[in-house]
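First up is the structure itself, then whatever we jot down about it.
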Amino acid sequence: MPSAGIAPRRLVQLAALLAMMVFFTTQLIGALLPNVPLFIGASAAGLALDLYLQHKQPGLLSLLSKVRFDATVRQLLRDMLIMVGLLRVEGVDPTHEQAPLTVGLLVFYIAHFACQAIAILIKRRRLLPFVTRNIDASALHLTAAPPRLLARQPARRLLRFAVPATAGLLATAATEDAAWGWAGLGIALALSLGSVAWLSTWLLPRKRAVGEQQALEWLDQWLAEYQPTVGMYFSGGTSSAYQANMWLSTLAALDGNPIIVLRERFMVQKIDATDIPIVCIPKVVHLMRLEHSTLKVLLHPANSGKTSQVLRIPSIKHAFTNHGESDKLSSCNPYAKAYDEVWVAGPAARERYQLADIGVDDRDVVEVGRPQLAPIAPYAGAPTGAYTQVLYAPTWEGWDGNPGNTSVILAGENIVRALLADPGVRLLYKPHPMTGSVDPRAGLANERIKAMIAEANTRRSGARPGPEAAAELARRTEALQSVTTTSFRRDSDELERMLLQGAPDSGRAAAVDAAVAAWEDAFWASLPEWEHQVITGPRPAIFSCFNHADLLISDVSSVVSDYLSSEKPYAVANTSGLSEEEFRAGFPTVRAAAILTPEADGVPALLDAVRHPERDPYAAERAALKVHLLGPSDPPSIVRFNQAAQALCAEADARRARVAARAAQPTDGDAAAALAADADDGLPALDPAQSESDGASSDTTAGV
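Per numbering that gives the first Met the number 0, the very first residue in the sequence shown carries number 0; after that it's consecutive.
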């Protein structure tokens, strides 16, 4: 449970902070007395603790940095106390031995700060105004990154390079021989000065990337050569990448040249394996360069604060696709008015927008279906295996605090308890990745559910797949990683990753699809059929879980709409406080669902209907609701989606043609220039007002 882990971590941090203060105090006392053993022990222990915290408690050190007690300050204080201690040791001559050592230590710090200055300069030189993936950007003079210890970890570099210096100075205190101090300082200086010299090579032309202006000119040239037509625009947090990833296959199947436009640099690596060119443009001033490209349409799977910035580009048409079909209010956000069109799956979403009355014109709503649902297998009748497989996939708590958003808090444990009580059930629990991110109660309930499932598995037994199944999964995992990920050095930075993630090999997309399918088969085959499963992370994907489930239990969310494409039985938890009649009337997606109360007392009857389809009262309603929610199956969704994209591209072309035609027409300034030219040619000059009034007759004459 989260709270169980937070308390011990805080205790460790408090203990570490207390130990740090004790070591500094003890070091000071040992230096002033002087007590050489106490002084040496406290100095060495303080440095060792700092090195340990760099690896194990970076959060604590981050807090210390915020109060201006960072690694540089701590090490400088530690070294100052060492010099005070040496001053108090009688066997060390302050003038002829300690003073030169102090100068040597000062030179060490000068070299450290010089190294840091060069590292900052290199970082700025290696920060391009954009990041690419799946694009050959070698013309930008991309090179491997310098070691991160030298270029991006100044605190760790200082502490590590200070080890020989500290050891030498403490040895001098113990032996009263300055040679030890010089030896330690010599090693530290050699490391620091060597780092300065090595880092400086990244400032030479052969390792230096092009400047910002050259990079932007290259981007303009690449856009002109690639000629993108339809793209996907996405901006979001670290856990929101799934909203974009679900549209990758659809975008790749469209006619034309697709592109993905991102705004956050970290998001470049969050996008799943794809052959589609990716361009991340963080600054809005650079984003505006898309106006002069051939890009005609941008699809938006999510709203974000940065969406308004790209909407300023008039030459591009914008369609809101959302990242799922749901009856939630968030699926009818008034922000949708900002887009040229709102693309929905079927008639239900169109009705939802009109009932919400948020200003979205019905003429701007386009029904395109859900192309990515093609991999979902259709209903094949009652369960045939030894177990009825139930997928419980609750959504997260949302931003508005509505208790009906997620069933995890009020009903989750009751639902799971009722399912685990049936010996013929195998539970697949797949919580939303953002569960607990807003309401801690959801996170705590999620952890309790996981514990319940783990405990239930201890009461079950049965045959397990042999070692060959695990070996096959390992082999498939390695094969999948080889085609979906790129191996980077720990020292790599954006430029190096851009170099490694250039234009993809031919046929990679098909290889990825085959590798994913093989991995999913191996994953399910490696699990005992009787064992309940907690499924987190991006794989297996939710659609794969759909195909292995005989029943879905979820909340009002896009998961329900997507699962309905299979026409399998499903249930929705009602934690909204509404009566069942009000719940069904308010949320179209639940009209063909069994409704579970927070007490989950309807689970046994639900399971009975799944096992005996003749007792299922919602089978016919599911077929009708599927069409209402997702639209007709003919023509296929991907065909309708592509037609909508091409129609919007045509609108963008028409708008550009109108703008070009208006630009070609003479303006008032052009007319004045023409009048002046007429006067210079000896022709009688016309009064501008008269010229305007006679414009119609002039046009008529020209036409004749």
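Even for Gly, the Cβ is constructed at its ideal location relative to N, Cα and C.
query                                                                                                          : result
Endpoints, alpha helix (DSSP H) assigned at Arg657                                                             : Ser636 to Ala663
Separation of His285 from Gly210, as counted between CA atoms                                                  : 14 Å
For Gly323 and Gly465, the rounded distance between their alpha carbons                                        : 39 Å
Sequence-distant residues of the same chain with beta carbon closer than 8 Å to Cys544, five excluded per side : Leu390, Ala392, Leu427, Lys429 and Ile534
Ile312 to Leu148 span [Cα, whole Å]                                                                            : 42 Å
Identity of the residue in Thr383, Ala381 and Glu340 nearest Val364 by Cα                                      : Glu340
First through last residue of the alpha helix (DSSP H) which encompasses Thr387                                : Taken as a continuous stretch (DSSP letters only), Thr387 belongs to no alpha helix (DSSP H), being part of the beta strand (DSSP E) at Thr387 to Ala392.
Run of the alpha helix (DSSP H) containing Ile736, from where it starts to where it stops                      : Residue 736 is absent from the structure shown; the chain starts at 0 and stops at 703.
Any alpha helix (DSSP H) of 4 or more consecutive residues that is wholly inside the region 404-447            : 412-419
DSSP three-state assignment for Phe23, whether helix, strand or coil                                           : helix
Beta-carbon proximity check, Pro227 vs Leu127, cutoff 8 Å                                                      : no
Sequence-distant residues of its chain with Cβ nearer than 6 Å to Glu493 (five each side left out)             : Val130
Reference Tyr241; option with closest CA among Thr306, Met266, Gly230 and Trp217                               : Met266
Best match in Asp438, Ala524, Leu551 and Arg205 for proximity to Ala608 [C-alpha to C-alpha]                   : Leu551
Same chain only: Cβ atoms within 6 Å of Val415, ignoring 5 sequence neighbours per side                        : Ile448 and Met451
Arg124 versus Thr94, Leu202 and Thr165, residue with shortest Cα-Cα distance                                   : Leu202
First and last residue of the uninterrupted alpha helix (DSSP H) at Met245                                     : Premise fails: Met245 is in no alpha helix (DSSP H) and is neither H nor E.
Contact test: Arg67 Cβ vs the ligand NAD heavy atom, cutoff 7 Å                                                : Absent from the structure shown: the ligand NAD. Ligands present: none.
Classification of Ile119 by the beta-carbon crowding that lies within 10 angstroms, buried from 16 upward      : exposed
Cβ contact check for the region 398-418 and the region 350-367: 3 or more pairs under 8 Å                      : no
Beta-carbon proximity list for Leu198, same chain, < 8 Å, skipping 5 on both sides                             : Cys114, Ile117, Ala118, Ile121, Pro145, Leu149 and Ala150
Cβ pair count under 8 Å reaching 3, the region 179-190 against the region 97-108                               : yes
Option in Trp179, Phe38, Ala161 and Ala173 with minimal Cα separation from Pro99                               : Trp179
Residue burial classification, Leu10 (beta-carbon count within 10 angstroms, cutoff 16)                        : exposed
Reference Ala623, options Leu563, Asp600, Leu605 and Gly423, closest by Cα                                     : Leu563
Alpha helix (DSSP H) segment containing Phe38, residue limits                                                  : Val35 to Lys55
Option nearest Met497 by Cα separation, candidates Met19, Val91 and Thr142                                     : Thr142
Straight-line Cα distance separating Ile28 from Leu37                                                          : 8 Å
Distance between Glu467 and Val66 (C-alpha atoms, nearest Å)                                                   : 55 Å
Buried versus exposed, by CB contacts within 10 Å (16 or more), Ala243                                         : buried
CA-to-CA distance, Ala166 to His54, given in whole angstroms                                                   : 21 Å
Cβ neighbours of Lys378 in the same chain (closer than 7 Å, five flanking residues each side left out)         : The displayed chain sequence assigns Tyr, not Lys, to residue 378. So the qualifying residues of the chain are Ser565, Glu566 and Lys567.
Helix, strand or coil at Ser553 according to DSSP, with G and I counted as helix                               : strand
Assigned secondary structure, Thr131 (DSSP; H/G/I helix, E/B strand, else coil)                                : strand
Opening and closing residue of the alpha helix (DSSP H) in which Ile258 lies                                   : No alpha helix (DSSP H) holds Ile258; the beta strand (DSSP E) holding it covers Ile258 to Leu261.
Check whether Gln97 and Leu59 have beta carbons under 8 Å apart                                                : no
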